[in-house]
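Mapping the sequence shown onto the numbering used here, position 69 (from 1) lands on 74, and the numbers just tick up by one.
Beneath this line is the structure, given in structure tokens, with notes to follow.
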Amino acid sequence: MAHRIQGLIFILLGIVALLDSWRITEEVRPTANFDGIGPDRYLAIVSVIMIVLGAALSMRAKIAGETSDWSDLRRWPPADFVLIAIVMAAFIWIIPVIGFVASCLLFFLAAFGILGDRPWWRTVGYAVVTTIAIYVIFIHLADLSLPKSFLGV
6 MAHRIQGLIF ILLGIVALLD SWRITEEVRP TANFDGIGPD RYLAIVSVIM
56 IVLGAALSMR AKIAGETSDW SDLRRWPPAD FVLIAIVMAA FIWIIPVIGF
106 VASCLLFFLA AFGILGDRPW WRTVGYAVVT TIAIYVIFIH LADLSLPKSF
156 LGV
């Protein structure tokens with residue numbers, strides 16, 4: 006049941022972000038100097054991904070054949086949910102200090118460590134691969150300028 010509620014929260018956040026991307030398209034794009042894709046369309050893509058992943062998370066228990074049980078809601082919000090929110094807040098706070106790439110690596114180390122049930126070396130490997138993938142996608146493919154640290158890294 007907790008997965009269903011978490012999935013619905015993710016869907017709701019995705020819908021809010023999708024509406025905001027539409028607002029940016031309607032109100033800001035006509036007077037702004039965006040490139041062809043621009044922040045509104047990036048946000049729309051991420052929003053749709055959030056909605057799809059939220060739906061998948063909501064359906065996870067049903068697909069796995071688990072019964073609908075309220076026992077996993079004995080502690081709401083789940084500790085990992087709260088910890089991830091704290092890690093995200095820390096991620097946002099440290100981006101200007103140590104830069105996007107280092108912040109991203111630390112975020113994924115923490116998130117995969119909290120949510121995963123893997124040996125530490127796999128968690129580190131997944132965090133490094135995910136950080137590299139995000140770097141390649143945003144820097145090389147999308148040609149975005151990501152925040153650097155005070156050291157210029």
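Glycine included, every Cβ here is placed at the ideal spot set by N, Cα and C.
A quick note: this is a predicted structure, and the numbers were derived from the prediction, not measured.
Check                                                                                                                                                         : Outcome
Does the segment 129–149 come close enough to the segment 87–102 to have 3 or more Cβ pairs within less than 8 Å?                                             : no
What would DSSP say about Pro-237, mapped onto helix, strand or coil?                                                                                         : The displayed coordinates of the chain run from 6 to 158. Any statement about residue 237 would go beyond what the structure contains.
Assuming the contact rule is C-beta atoms closer than 8 Å, Phe-15 and Gly-59 should be a hit. Round their C-beta distance to whole Å, please.                 : 3 Å
Quick one: grab the DSSP three-state call for Pro-124.                                                                                                        : coil
Identify the continuous alpha helix (DSSP H) that holds Ala-84 and give its terminal residues.                                                                : 84–103
Apply the 10 Å Cβ neighbour rule to Ile-29 and answer buried if 16 or more other Cβ atoms are within range, or exposed otherwise.                             : buried
Can you tell me whether Asp-148 is helix, strand or coil according to DSSP?                                                                                   : coil
Cα-Cα, which of Glu-31, Ile-68, Leu-110 is closest to Arg-9?                                                                                                  : Ile-68
Under a Cβ-count criterion, where at least 16 other Cβ atoms within 10 Å of its own Cβ denotes burial, should Ala-147 be classed as buried or exposed?        : exposed
Classify Ser-63 as helix, strand or coil using the three-state DSSP reduction.                                                                                : helix
Whole-angstrom Cβ separation of Val-92 and Ala-115, contact assumed at under 8 Å?                                                                             : 5 Å
Using only the alpha-carbon positions, how far apart do Leu-18 and Tyr-47 sit?                                                                                : 15 Å
Could you pull out every residue in the same chain whose Cβ sits closer than 7 Å to the Cβ of Leu-151, ignoring the five residues on either side in sequence? : Phe-105, Phe-143, Ile-144
Report yes if the CB atom of Leu-23 is closer than 8 Å to the CB atom of Val-53, and no otherwise.                                                            : yes
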